[in-house]
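Take a look at the structure set out below.
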Amino acid sequence: MNRQMLFIGLALALGLVAAAPFLTRPGLPRQTDAELHVYRAAELGHLLRAGVFYPRWAPDFYFGYGYPIFNYYAPMTYYVANLFGVLPGLDIVGGAKAVFVLGLVLASMGSYLLGSDLFGPKGGVLAAASFVLSPYIVFIDPHARGALAEHFALCLLPLSFYAFGRLMRGVGGRWAFAGSVLSLAGIVFSHNLIGLVAAFLLLFYWLWLALSGQRKRAGWGWLALALAACVIACFWLPFVFERSAIKLEVTGPGHFDFREHFLSWTELFAPSRVLDMRATAPHHRFNLGVAQWTLALLGVIGILRFWLRRRDDETRDVSQASPVSRNTSFHFSYFVLAGAGLIFLMLPGSQAIWERIPGMSYLQFPWRLLGVANVMLAVCAASIVALVPSRRWCIGIATFGLALVLVTALPVLYPPLWNPDFGGTSPYDIIVWEQNSLALGTTSTGDFLPVDAARAPLVPMPSLIQSYREPGPIDRVNRDVLPDDAQLEIVSQGPLHDRFSISTSQAFILRLYTFYFPGWRAYVDGEEVSIEIAHPEGFITLQIPAGEHDVIVRFEDTPPRTAGWIISGVAWVMLGLSTLIFGAVGHSSAPDSLAIEQRACCHSFRWLAGVLVAFVLLKVFVIDPQDDWFRYTSPQGRARA
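Each residue of the sequence shown is one higher than the last, beginning at 10 in our numbering.
Structural data, given as structure tokens:
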């Protein structure tokens, strides 16, 4: 077996350790954002089964009035959940859970590849453990928040840095180029906000490497960034040009004001808190992880010490070996500076920056940068294997580092139990959930409510709800205002269209319980007619003349959506051609010469694997049976604050 594969298997095992609660428990929590992500995935599944490949309109959201969430919220995780959902034994809830598991595995594998690329396999294992077992990645995002889309985007970030770094160094060949494009596109297509953060970080990474002597490959790096944007133009172009069609009021005073969510130094660097198993939403700390920042700090101090010693030796004309090459130093220094900058942005002292940079307020929570900062800390932690020239000491440091990460992660490896029965995910179930949770459209503030719905109803229409309860087509017609002699029959009905046969002796206004949004068009006997918006509710209405008519109301593409599809299609062709050209111009795909140790030592693998196996056995057979080790169960009705 390839020795490198042994360490990759170890990284995979770390990802599975992090995903253990999802793998060993049925269902998903009902009191976190996981609920709304499951319902979004379920709605997308209903549309896919109806033949709508890329929907922008969710017809069953907001009490069945419709909601343009897929036009504005990155949908990739919902597609992946539906792919898993068709597997035997899995439904859409299991599909969403599988996305959480896949994310943790990709987080571990990606951070291993990133750390190994710079500091060898032992450094890769430390990077994988540091990132995937950091509190934000292993607990806060997937369990405390249930933020499926954000979590998956964060888990892809190490892979993107790995591919982009190799591209800029001229190693990895066409696969590094394609990986750079697809990983960044995947992040943006998974979560809007993390996608923007990732794009800016990779842009600065490109600029940093270009200015530090890697100008020859700067053009390929820029092309990768540009193609990543163009590949998903079908998503962001309509967002930009149709931004004015929705309210999108997610900033300002209150819970979503970033000023309310800065972290203190003490919380940021504190150890993870033991969780209360009885609490519905147990109090936890937004922290980096003690092992994560400790190992990163040791790595930075150690390499700085070598750099300073080498500079002194050069002034005395004395040869001194450096733990890392000059090129690796450029990459490492970026992660150090980026990590420090991200940590600062989570502290109150950065408030002026948040207030002055346009758009930063949309991040809402400065602690959202914890996961991104942990990518930087993982690379810094990996560097500690380069501090000593002795192989024995190197193995010892790596083993100690892995053990430290595993032990300090124990409090966040025991998320509170949840009800194994998630419940139904039919369109009617979604509407009932909206009534109970008031998260209309699966958003907390009606983020994507059409701007014309100035006073959207806060209750469902009884006739529409009754239609959802019964088999057959959904009847969205307001029949209370039909003329007495008018006859209206539903000829066909789908997620994005309604067709009626109407017979009437007098002209009247047809009123539908559907919000108007750009893309809705109406046709009477094959001729397009104007849609009039009913104010203040924002419903679709249209004039029906006397006589017998065939009426169609359907959702179509707008010019920005069509342009987005054209750009994306051209970009995919360019990606294929560029990848072929990249491979033909002779870029190396040989192993990276920057890594200190590319031939993994079986001895070090045995030590690292032994630590992980011992930890798993200790956790399963000793710690798990104890109810009060690394977790707490409060008395009934007295949850810990």
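Glycine included, C-beta positions come from ideal geometry on N, C-alpha and C.
Using C-beta distances below 7 Å, list every residue in its chain close to residue i, excluding the 5 sequence neighbours before and after it, in chain order.
i, result
"A50", "Y87, A90, N91, I101, G104, A105"
"L212", "L234"
"G24", "L113, V114, A116, S117, M118, V141"
"D636", "T642"
"D566", "G528"
"A59", "G503, P504"
"V327", "Note on V327: pLDDT 45, under 50, position unreliable in the model; the coordinate value appears next. So the list is empty, once near-sequence residues are dropped."
"E52", "A67, D69, F70, I439"
"G174", "D126, H340"
If I'm right that residue i touches residue j with Cβ under 8 Å, what's the distance once you round it to whole angstroms?
i, j, result
"F548", "Y532", "So it is not a contact: roughly 18 Å between Cβ atoms."
"L297", "A382", "7 Å"
"A407", "L617", "6 Å"
"I440", "G75", "Rounded, the Cβ-Cβ distance is 12 Å, inconsistent with contact."
"R563", "R530", "6 Å"
"M286", "R640", "6 Å"
"M355", "L378", "6 Å"
CA-CA distance, residue i and residue j?
i, j, result
"V26", "V625", "8 Å"
"A516", "L56", "34 Å"
"G528", "A138", "47 Å"
"V197", "S514", "53 Å"
"Q13", "D126", "12 Å"
"L21", "G380", "19 Å"
"Y121", "W274", "28 Å"
"W574", "N201", "18 Å"
"G133", "L99", "33 Å"
"S472", "E557", "25 Å"
"V299", "A305", "10 Å"
"L307", "G195", "33 Å"
"H270", "R154", "15 Å"
"Q360", "L277", "16 Å"
"D266", "V108", "30 Å"
"A555", "C239", "49 Å"
"A412", "L135", "10 Å"
"I499", "P480", "14 Å"
"A28", "V560", "52 Å"
"W427", "T33", "12 Å"
"G5", "L176", "In the structure as shown, the chain begins at 10 and stops at 650. Residue 5 is therefore absent and cannot be evaluated."
"T451", "L166", "26 Å"
"L111", "H160", "11 Å"
"F630", "W302", "29 Å"
"H506", "G54", "17 Å"
"I17", "P130", "8 Å"
"R653", "L351", "Outside the shown range of the chain, which is 10 to 650, sits residue 653, and nothing can be said about it."
"V283", "V416", "13 Å"
"P63", "W217", "The sequence given here has Tyr at residue 63, not Pro. Approximately 37 Å between the Cα atoms of the pair."
"F374", "D493", "55 Å"
"W638", "K628", "10 Å"
"I605", "P97", "The predicted position of I605 is uncertain, since its pLDDT is 44 and thus under 50; a value taken from the coordinates is nonetheless stated next. When rounded, the distance between both Cα atoms is 44 Å."
Please identify the residue among the options whose C-alpha is closest to the C-alpha of residue i.
i, options, result
"W215", "A347, P84, L157", "A347"
"P280", "A22, S120, L372, F295", "F295"
"S370", "E52, A153, V384, V206", "V206"
"R520", "Q552, E536, P504, S512", "Q552"
"S221", "F630, I483, A208, R178", "R178"
"F250", "P569, A390, P429, R365", "P569"
"C164", "K131, I203, H152, F128", "I203"
"G535", "H152, R508, Y437, I518", "R508"
"T550", "F209, P504, L491, F591", "L491"
"A254", "L354, P77, F93, M355", "P77"
"P291", "L37, P429, T41, P35", "T41"
"S338", "R226, V309, D633", "V309"
"G432", "G36, F248, F128, L246", "G36"
So, for residue i: in the same chain, excluding its five sequence neighbours on each side, which residues have a beta-carbon less than 8 Å away from its beta-carbon?
i, result
"L589", "R183"
"L257", "Y81, D456, F457"
"R488", "S472, L497"
"G311", "P332, S392, I393, A395, L396"
"A580", "L236, C239, V240, A242"
Could you pull out every residue in the same chain whose Cβ sits closer than 6 Å to the Cβ of residue i, ignoring the five residues on either side in sequence?
i, result
"A158", "T86, S199, H200"
"I404", "S613, W616"
"A172", "A185, G188, S189, S192"
"A495", "T513"
"A462", "F524, G547"
query = Would you say the segment 67–84 touches the segment 440–460, given that touching needs at least three Cβ pairs under 8 Å?
reply = They touch, by the three-pair rule.
query = Within the chosen definition, does the segment 142–155 reach the segment 419–426 through at least 3 CB pairs nearer than 8 Å?
reply = Inter-segment contact for the segment 142–155 and the segment 419–426 is present: three or more beta-carbon pairs are separated by less than 8 Å.
query = When the Cβ atoms of the segment 536–543 are set against those of the segment 504–513, are three or more pairs found closer than 8 Å?
reply = In this structure the segment 536–543 does not touch the segment 504–513; the number of beta carbon pairs closer than 8 Å is below three.
query = How about the segment 34–52 and the segment 442–452: do they share at least three Cβ pairs that are nearer than 8 Å?
reply = These segments touch.
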